[in-house]
Amino acid sequence: MSDYLVIVESPAKAKTIGKYLGKKYSVKASMGHVIDLPKSQMGVDVEQNYTPKYITIRGKGPILKELKQAAKKAKRVYLAADPDREGEAIAWHLADSLNIDKNSECRVVFNEITKQAIKDSFKHPRTINTHLVDAQQARRVLDRLVGYNISPLLWKKVKKGLSAGRVQSVAVKMIIDRENEIKAFKPEEYWSVTAKMKKDDQPFEAKFMSVNGKKTDLKTKDDVDQVLKQIKGQTFKIDKVKKTERKRNPVVPFTTSSLQQEAARKLNFRAKKTMMLAQQLYEGIDLGKSGTVGLITYMRTDSTRLSDTAKVEAKDYIETHYGKEYHNTSKSKSKQSSNSQDAHEAVRPTSVMKDPKAVKSYLSRDQYRLYKLIWERMVASQMAPAVMDTMAVDLTNNGVMFRANGSKLKFAGFMKVYIEGNDEGKEEKDRLLPAMEEGDSTISEKIEPNQHFTQPPPRYTEARLVRTMEELGIGRPSTYAPTLDTIQRRGYVALEDKRFIPTELGEIVLELIEEFFPEILNVEFTAEMESSLDSVEEGEQDWVEIIDRFYNDFEKRLKTAEEEMEEVEIKDEPAGEDCEKCGHEMVFKMGRYGKFMACSNFPNCRNTKAIMKEIGVNCPKCKEGNIVERKSKKRRLFYGCDRYPECDFISWDKPIARPCPKCENLLVEKKSKKGIHVQCTECDYKEERN
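UniProt numbering puts the first residue of the sequence shown at 1, with every later residue one more than the last.
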């Protein structure tokens, strides 16, 4: 019989920790929460200071019974759930269910699952932090009051299965507001002029800047013509050469939010997938002879802080593998966001010495890619700044001034290991200029005017939406992934080309919430509420008072909505064709992944069809069908013949409606980090696109 019982959330975590603690310890998993609010009702007694009505979660009875039996036999019970609000609440409920004194030192927390960290944590157990429990409880109660009151109203007035939430409704509003911005956007014409120049047989480009010393905006073709008329001949004089050295500092280690954003940009991971893989890396990976080890620290954090131990280890690694000059010797402190709780360290490898190549054989492909990203980011954060040599050259012809900008990487610094991604997917490259001195001259070989139009703001990607929510103070690290998942499952938004678009259903629901519950959608109000809930965690405010201030107004609005909200009938839009199975009309429906066609005779006929979008290209294989857009089971876009299965032509690259000029076979658009180019599927013909 074991002397001590340790309770964690997951079997994987239990397995890893059990190997470190030895035979005197029995480690069991609660499988997350065992006690929670009931699903079938709100479970909050508004009349009794919003007292939660907790029950044993359905299906968790046997687990709780087993834990109770084990607790009776053990000399001491340790509650080792995750080191956050949720983990503290799990520990609090377990203490209550297992008759453990909540004021006893029964709580053990650790930020990483390594042998040393586990052993150290058991030397310093503490009491359950009731402020953290209250903060979690306050959020649960508030979400219940909002969701379990508004959702039934939406079921009654719109359709069943809908929901509203404190954070999810704001996220939907942000997506719809952006779509309205795009629809209302009016493009404005503007022009640029590029001079293709050459100096000492080295070509370079210069951009038009000013006329007679005054910056000139080129809004029309007439403006461009006026500039071109003033240029006399092809010779440009070099008026000014400015050479500078520019430093680029490394980025800080990952927080939950920045990890989700970067994994989306660089690895094409959804937020939900990123968090699932990070959980696996945190809970432990079997490394063969080394045993099971947690490879990263706790992944739910808004801190960029690193422990002194991690910094020293990173310094040793950097100086050994890259040289002393690559280690950052400055003592600059990492910046925290204004709402950062700094409860943990940043997301980092538990040991820099476990470099990605050393553990690659023990990881799945996606685990390896995410671990490599986390490892590289942390190592780069401790490296020296990169140094760029930059050069700006002003060239004039009869008062018309062009400017050429060049840059060259002088010292790679942190860029030797890692370069942060961006939403446009563009990479920074050297732009070399020939040697030039003031007073020299150069020849313009060609001057190209280019017409442009201003672009509307882009739709939100997952990464951009998470970043914006974080900047506005909406939600917290643990809420981003489930929020994005929920608004898609409810059919309020859909992903199209990896960008969110609102659905008709989302717009209808938002309009109703905006009319009757405007504070729910108010970004400032929601951010302020988050701050108030954070203050509960610090012991600065009473959670009941915060809930009460909100609910007094909310209850009045709820009564008004129940009386005045009109029923909304969502009619199915005819698809313009009949069902091939029963002959009834097909209609458009909205699902989790966007629109699809379904038989209007549902549920008697369950025929559904994907909406096929023609791209104006005849099938190159059967010559009879047309090429249409399709989506694979993993929602990846591809192109196929509309006569499938009679014709099985498919292409991952988009075919275009003209033959190869060289061999007359199919041309397709190829996407890369450099942009889009066209190439032949049979011969070596290729053409670049800007």
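Cβ atoms here follow ideal geometry from the backbone N, Cα and C, with glycine treated the same way. Remember, predicted model here, so these are calculated numbers, not experimental data.
| message | Please report the straight-line C-alpha distance between V227 and T194, rounded to a whole angstrom. | response | 12 Å
| query | Can you list the beta strand (DSSP E) stretches of 3 or more residues lying completely in the segment 540–594, in chain order? | reply | 573–578 and 585–591
| field | CA nearest to the CA of E563, picked from F516, E313, S535 and I676 | value | F516
| message | I'd like to know if the segment 21–40 and the segment 67–86 are in contact, where contact means that at least 3 CB-CB pairs between them fall below 8 Å. | response | yes
| query | Would the segment 465–482 and the segment 296–308 be scored as touching if the rule is three or more Cβ pairs under 8 Å? | reply | yes
| message | Can you tell me whether E325 is buried or exposed? The criterion is at least 16 other CB atoms within 10 Å of its CB, across all chains shown. | response | exposed
| said: Could you compute how far the alpha carbon of V172 sits from the alpha carbon of I501? | reply: 10 Å
| message | I believe I57 touches H33 by the beta-carbon criterion, under 8 Å. Please report the beta-carbon distance rounded to the nearest angstrom. | response | 6 Å
| request: Using only alpha-carbon positions, find the residue among D96, R348, W375 and E345 that is nearest to A358. | output: W375
| Exposure label - A135; buried when at least 16 CB within 10 Å | buried
| query | Less than 8 Å separating the beta-carbons of V347 and V379? | reply | no
| alpha helix (DSSP H) segment containing Q202, residue limits | Counting along the chain, Q202 falls outside any alpha helix (DSSP H), though it belongs to the beta strand (DSSP E) covering Q202 to V211.
| query | What residue from E687, N607 and D3 has the CA that sits closest to K671's CA? | reply | E687
| request: Assign M391 to one of three DSSP states: helix, strand, or coil. | output: strand
| request: Would you mind stating whether F596 and I615 have Cβ atoms separated by less than 8 Å? | output: no
| field | Beta-carbon gap between Y371 and I296 smaller than 8 Å | value | yes
| task | May I ask which residues mark the beginning and end of the alpha helix (DSSP H) holding L162? | result | Where L162 is concerned, there is no enclosing alpha helix (DSSP H), given that its DSSP letter is neither H nor E.
| task | Quick one: grab the DSSP three-state call for N149. | result | helix
| Does DSSP classify Q230 as helix, strand or coil? | helix
| query | Where do the N-terminal and C-terminal ends of the alpha helix (DSSP H) with P502 fall, by residue? | reply | No alpha helix (DSSP H) contains P502, which is instead part of the beta strand (DSSP E) from R499 to P502.
| task | Consult DSSP for M597 and reduce its assignment to one of helix, strand or coil. | result | strand
| field | P11: first and last residue of the uninterrupted alpha helix (DSSP H) it sits in | value | P11 to L21
| request: Below 8 Å on the Cβ atoms is my guess for V493 versus G506; work out the distance and round it to an integer in Å. | output: 6 Å
| Chain-order list of residues whose beta-carbon lies under 7 Å from that of R126 (same chain, five-residue window excluded) | E105 and R107
| field | Where G583 falls, given that 16 or more other Cβ within 10 Å makes a residue buried | value | exposed
| Span separating the alpha-carbon of V293 from that of V678 | 47 Å
| request: For G439, collect the residues of the same chain with a Cβ closer than 8 Å to its Cβ; drop the 5 residues on either side in sequence, then sort them by chain order. | output: K237 and I238
| request: Please state if the CB of Y50 and the CB of H452 are separated by a distance shorter than 8 Å. | output: no
| query | Among A386, V400, A310 and Q260, which residue has its Cα nearest to the Cα of F414? | reply | A386
| query | Just curious, the alpha helix (DSSP H) that W375 is in, first and last residue? | reply | R365 to S381
| field | Where Q451 falls: helix, strand or coil (DSSP) | value | strand
| task | Report, in whole angstroms, the separation of the C-beta atoms of E66 and L132, which I expect to be a contact under 8 Å. | result | Contact doesn't hold; Cβ gap of about 26 Å is too wide.
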